[in-house]
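Worksheet: the structure to be examined is printed underneath.
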Amino acid sequence: MKNNDYNLFVGIDVSKGKADAAVLAVPELRSVKPRFLRKKLSFKFIKSDVVEFLNTVRKYSNDQHCLHTYFALEVTGIYSTNVYSFIKQNCNSDEEIHQLNTDFVNKWRESHNISKSDPLDAQTISTIVGTDDDVRYVSDSVFENKNGYQDLKALVHRHYQIKKLHSQETNRLIALCDCYFPELQYVFEPKSAAFLAVLSQYPTSHDIINASKNEVF
Numbered sequence: 017m018k019n020n021d022y023n024l025f026v027g028i029d030v031s032k033g034k035a036d037a038a039v040l041a042v043p044e045l046r047s048v049k050p051r052f053l054r055k056k057l058s059f060k061f062i063k064s065d066v067v068e069f070l071n072t073v074r075k076y077s078n079d080q081h082c083l084h085t086y087f088a089l090e091v092t093g094i095y096s097t098n099v100y101s102f103i104k105q106n107c108n109s110d111e112e113i114h115q116l117n118t119d120f121v122n123k124w125r126e127s128h129n130i131s132k133s134d135p136l137d138a139q140t141i142s143t144i145v146g147t148d149d150d151v152r153y154v155s156d157s158v159f160e161n162k163n164g165y166q167d168l169k170a171l172v173h174r175h176y177q178i179k180k181l182h183s184q185e186t187n188r189l190i191a192l193c194d195c196y197f198p199e200l201q202y203v204f205e206p207k208s209a210a211f212l213a214v215l216s217q218y219p220t221s222h223d224i225i226n227a228s229k230n231e232v233f
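Count along the sequence shown starting at 1, add 16, and that's the number in the working numbering.
Below you can see the structure in the form of C-alpha cells.
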C-alpha cells in the first residue's frame, strides 16, 4: 500500500426525473482525512446522461493510486432500481454498486445533525459508505423476484378485499347493536375502539348497564 492510495465513494441521491451525486476520496491511510472531489454532480434518467455521469466519475478514478470505486444509493422504488440496474450492468472490474436502506440513511443523518436536501443527501451517502465500518447494504436477493409487480398487485387487491370485508362486518355489528343494545351508540361512537372494547369486555348488555362509570370510561 502506498501512502497516496485511495478509494472513491460515489453517493447518489435519486429523485423523480434526476439524480444528484457526490464523489468522495477516502485515503487508505486513516491518518489522512477524506475529501470531496465533487460535491454535486447531477444527471437525468436518460442513457446518455448516465453514461456521461459514469465517464465523469472515471476521470477521477483514472489514476494509478485509485484502487476501487464504490457507487451507492438509497432504495427508493422504481427510480433507484433503474439507475442501480444500469450502473451495475456497466460497472468496470474495479467498480461496484450497493443499495442502502432509506431508514438507515435517515437515522444516520439525524444522529449526525445533517440537514436534508438532495445534494447533501448524496454527500451523506458518500460519507456513510466511505467512512462508516458498520454500514449495512440491502441484499440484491430482495429484488430477484421476477413476479414482484404482479405480487404487489395481488397484495393491493387483497388489501381492498380485507377493507371491504371489514366494512361489511362493521355494518353487521352496528345493525345487531341497533336491535339488542341501541343505547350504546348514544354513549360511544359505533366504529370507535371504545365501542368495540366495551362489547368484547362485558358478556351481556346488563353487565354494561350495571358497571360503574369509572370502570366503563
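The C-beta atom is built at its ideal place from N, Cα and C for all residues, glycine as well.
If you ignore the 5 residues before and after Ser-58, its C-beta comes within less than 8 Å of the C-beta of Lys-34, Ala-35, Asp-36 and Ala-37, all in its own chain and listed in chain order. The segment 81 to 88 makes contact with the segment 97 to 114, as at least three CB pairs between them are under 8 Å.
The shortest CA-to-CA distance from Ala-138 to any of Asp-149, Asp-150, Asn-122 and Ser-127 is the one to Asn-122. Only residues of its own chain outside the window of five on either side were considered, and among them Ile-144 have a CB closer than 6 Å to the CB of Trp-124, listed in chain order.
Counting along the chain, the unbroken beta strand (DSSP E) around Val-26 starts and ends at 22 to 31.
Taking C-beta atoms as the reference points, Ser-142 and Phe-25 count as a pair closer than 7 Å.
In this structure, DSSP gives Cys-107 a state outside helix and strand, which the three-state scheme calls coil. Looking at the DSSP output, Ala-170 shares a beta bridge with no other residue. Comparing alpha carbon positions, the residue from Phe-102, Ser-47 and Leu-83 closest to Lys-60 is Phe-102. Taking the Cα of Ile-62 as reference, the smallest distance to any Cα among Cys-107, Arg-174 and Tyr-95 is reached at Tyr-95.
Contact check between the segment 64 to 83 and the segment 162 to 176: fewer than three CB pairs, one atom from each, fall below 8 Å, which does not count as touching.
When Val-30, Lys-56, Asp-21 and Ser-31 are compared, the shortest CA-CA separation from Leu-45 is found for Asp-21.
For Asp-36, the secondary structure class from DSSP, reduced to helix, strand or coil, is strand. Bridge partners of Gln-217 according to DSSP: none are assigned. Close CB contacts of His-81 within its chain, under the 8 Å cut and outside five residues either way in sequence, are with Lys-18, Asn-20, Asp-21 and Tyr-22 (chain order).
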